Every structure is written in C-alpha cells, then in structure tokens.
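Trainee:
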Amino acid sequence: MDYFSSGFKLGILGGGQLGKMMLYETRKWDIYTKVLDASSEAPSRMSCNEFVEGSLLDFNTVYNFGKDVDVLTIEIENVNLDALEKLEDEGVKVYPQPKALRIIQNKAKQKLFYVDNEIPTADFQRFAYLSEIEDSIENGGLQFPFVWKVARFGYDGQGVKVVRSLADLNGLPTGECITETMIPFKNELAVIVSRNAEGEIKTYPVVEMEFHPEANQVEYVICPARIDEKVAEKARALALKVADKIGLTGLLAVEMFQTVDDKILVNEVAPRPHNSGHYSIEASYTNQFEQHIRSILGLPLGNTDSKVAGVMVNLVGAEGHTGDVVYENIEEILAMEGVTPHIYGKAQTRPFRKMGHVTIVNNDLAKARAIAEKVKETIQVISK
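Note that the UniProt record's numbering has the sequence shown beginning at 1, numbered continuously upward.
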C-alpha cells in the first residue's frame, strides 16, 4: 500500500488534542485523513482533509464514517465497538483492534483481564450499582479508604475518587463501578509500548508522573523517571507483558504504581497516544504520534530513545474561570530556555479542562524540572 501523496485514506475517531497532534505527523507525510468528532469546534477540524461532525457512540454514524477509509484508528477509546467490529468484518483495517478495546473500554473487564493473565494490580471489587458499595461497607466487606472508579467513560481524572467516608459517595454516578484498595506507593510511572501490524514491538523510557492532589490529573511528566535502573527494567518488562497479552496494534500506555517495596503494579492502560508521552514531541527521536502512525500502517518503528531529558507540564483551566480562554504570561514562558508550549485549540476554558501542555527540554533533568515549576507558576489559563 502506498500511503504517501496517494488515494489512501486514514480515518480517525475523535478530533481532540490527541487527534490534532496525530495530524501534525500525517501532514508531514501527506497522508489523507478523515476525522469524526461530536463537536464542530474540535481541535482537529483545521488539520484534516475531511471533517465529519457526529457521535462516536452511535452505531450508524461510526459505521458510515468508516466504510470508505482504508485504515481506521482512534484517539479516544469511548467509541461504538459494534460498528468497528462490523467494519473489521467487511475488510477495513481497524487499529487498535475492537477485541482489545472491549477489554480496555470497561475498567471492570480490564481488571479481570489482569487477574486472568497474572498481571500484578491493586485488589479490587466490581459493583453493578453504586448502592451495592454502601451494602458492602455495612456488611464489613469493604473498608475505608478505597478508590472508586466508574467502569466506563472516565477520563482525565473524571470518574475517579478517593472515598474516605460514606459522604464521599454522594453525587457519584449510580451505575457500574469498581473499588480498589489504596496502594501505598512511592511513584506513579508509565511506559508507552508501540506494536506495529507486523508484530514489531518497542517501549519508550519509563516516565514519572506527578499528580494534582485535587483534580487527580497529571501535572508533570518527567522523562526519564528518577528511579533505579532495575525498577525501570521491571516496569518496561511488565508493560511489554501487558501489550503482548492484549495484542493490539498501535500504542498502549501502561500506567503503573511503584510500591514502597519496589513492586510494580499495573493501574490502568490507554490504547492510544497518551498524556504521559507528550514530552516525546520535543525530547525523543521518534515522538509517540509518529510512532502510532508507523504502528497502524505496518511501517518500521522509530527510535524511542530520548535526545534530551524532558518534562511536560499540563495547562489546565484555572479554578474560578469559565468562558473565552486567555493564556496569561505566555510571552514570559517563551523567553525561558528549552520551553515549547502546545495550545490545543479549545476556545472555551473551565476549571481543570486540559487546554494545552508545555514541554521543557534540557540536558540536565533537574534543571528541566526546575524550569517546569517556573512555567507552572507563571502561565495561567484564565477566561476573559
């Protein structure tokens, strides 16, 4: 198949910032793209060849969208899988494969998959309804504190909550969910695995994630992770095992806990480019978005090594601000060494909404981390 400057058509389900950054790469290689998103204001709308507005969860919309593409991929896993399976049966190449997405899309199924495949993960319980959690607490089957997670449609810290008392359950969605034992951990780590259609597989270096205490969102991603080499090797080996068992083509981001006694537990996975790999645009020989395109087209995988140390800072909407966005003090961060902002193209800000990210590269990781802190303190995502 000739992908470049040809009649080949790549379909992407989802037009958010991940799709936008994927499109940097397809434009670089002149690959024809068609994007589906529910919003007419989607960040990807300006960068693709064809933009279709419609629901990613509607069978007919997804099926009709995918009928005339050669390869179909995703930038968000909450999509209609029945439509993807029908398209796959009819000869459209769908990567990541729907059977892998069925495991990943539901967090309860994902956790059961880890248990079945002897992949270490936090102990958990599955509940069909939120009310069953209260019954379990009353019967002594569940003790505080624990982590509650919605089974489907959680993202960016939405659908996850630390529950320390019955009052913390108020206002949560009432449907299927899981609870997890709180893990005393030293670090939250992530490894991105790329696997192409030919079965070639590579891992990116282990990154360390620092989270915002309230929003449960990643504030900083640090590459390489500041951990012992033996722990890093263990994390990469576990990520490879997860990718091998799931067997998807594309990228798999594996989020992990490093426990106080240096065990590695899988937290959850994402079958697509991921926030933990954004640093790679500036810091790696092959960034994660290019690697995703290489993977799904069956092209040779690129070098995943870093050229320099990289730290990524998420730009999220400031609390108390909703409306037309303003990036306050962006000129000041542009004057700092090794700083590259990425603005996602969302016109409206709201508290904790992901609006962009900033990468800081430096030969010295400690310096990069210090500059990242300055960036975080300086730039503000506010409303007019």
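Think of the CB as a built atom: it goes at the ideal place given N, C-alpha and C, for glycine as much as any other residue.
The structure presented is a predicted model; accordingly, all values stated were derived computationally and were not measured.
1) Just the Cα atoms here: how many angstroms apart are GLU53 and VAL62?
2) Rounded to whole angstroms, what's the CA-CA distance from GLU88 to TYR95? Just pull it up for me.
3) Taking contact to mean at least 3 C-beta pairs separated by less than 8 Å, is the region 107-119 in contact with the region 261-271?
4) Please confirm whether VAL361 has its beta-carbon closer than 9 Å to some beta-carbon of chain D.
5) Report the residue from THR304, ASP305, LEU297 whose alpha carbon sits nearest the alpha carbon of TYR3.
6) Should GLN256 be labelled buried (16 or more other beta-carbon atoms within 10 Å of its own) or exposed?
7) For THR179, count neighbouring C-beta atoms within 10 Å of its own C-beta (all shown protein chains included) and say buried if the count is 16 or more, exposed if not.
8) Using the Cα positions of SER55 and ARG45, report the straight-line distance between them to the nearest angstrom.
9) Quick one: give me the first and last residue of the beta strand (DSSP E) that LEU251 is part of.
10) DSSP on PHE59, reduced to helix/strand/coil?
11) At a cut of 8 Å, does the region 17-33 reach the region 278-294 through at least three beta carbon pairs?
12) Do you know offhand how far ARG195's Cα is from LYS186's?
13) I want to know whether the region 311-331 touches the region 342-354 - three or more CB-CB distances under 8 Å.
14) From the DSSP output, which residues share a beta bridge with ARG126?
15) Could you tell me the distance, in whole angstroms, from the CA atom of MET182 to the CA atom of ASN49?
16) From ILE12 to ALA253, what does the alpha carbon distance come to, in whole angstroms?
17) Taking one C-beta from the region 276-284 and one from the region 231-250 each time, how about it: are there three or more such pairs within less than 8 Å?
18) Is the distance from the Cβ of LYS9 to the Cβ of ASP82 below 9 Å?
19) What are the start and end residues of each continuous alpha helix (DSSP H) run of 4 or more residues lying completely inside the region 21-82, in chain order?
20) May I have the straight-line CA-CA distance separating ILE343 from ALA309, to the nearest angstrom?
21) Any idea which residues DSSP pairs ILE343 with across the strands?
22) Just how far apart, CA to CA, sit ALA151 and ASP123?
23) Here's the rule: buried if 16 or more other CB atoms are within 10 angstroms of the residue's CB, otherwise exposed. What is SER306?
24) By the 10 Å Cβ neighbour count, where 16 or more other Cβ atoms means buried, how is GLU331 classified, buried or exposed?
25) If you draw a straight line from the alpha carbon of PHE153 to that of LYS99, how long is it in whole angstroms?
26) Which value, in whole angstroms, describes the spacing of the CA atoms of GLU233 and ILE119?
27) Cβ atoms of LEU130 and GLY159: under 9 Å apart, would you say?
28) Mind reading off the beta-carbon distance from ARG369 to ILE222? Whole number of angstroms is fine, and I expect it under 8 Å.
29) Which same chain residues, not among the five before or five after ILE74, have their C-beta less than 8 Å away from its C-beta?
30) Could you give the distance in angstroms between the alpha-carbon of GLY356 and the alpha-carbon of PRO213?
31) Determine the DSSP secondary structure at ILE192, reduced to helix, strand or coil.
32) Do you know how far the Cα of LEU315 is from the Cα of GLN380?
33) Mind pulling the beta strand (DSSP E) runs of 3 or more residues that sit fully within the region 136-177?
34) Using only alpha-carbon positions, find the residue among GLU198, TYR327, VAL313, ALA167 that is nearest to GLU134.
Mentor: Taking the coordinates as given:
1) 11 Å
2) 10 Å
3) yes
4) The chain labelled as chain D is not found in the depicted structure, where only one protein chain is given.
5) LEU297
6) For the sequence presented, residue 256 should be read as Met rather than Gln. Result: buried.
7) buried
8) 15 Å
9) 250-259
10) helix
11) yes
12) 29 Å
13) yes
14) ILE178
15) 46 Å
16) 18 Å
17) no
18) no
19) 59-66
20) 21 Å
21) GLY356
22) 15 Å
23) buried
24) exposed
25) 18 Å
26) 16 Å
27) no
28) 6 Å
29) ILE12, LEU13, GLY14, PRO96, LEU101, PRO271, ARG272
30) 19 Å
31) strand
32) 8 Å
33) 146-150, 160-163
34) ALA167
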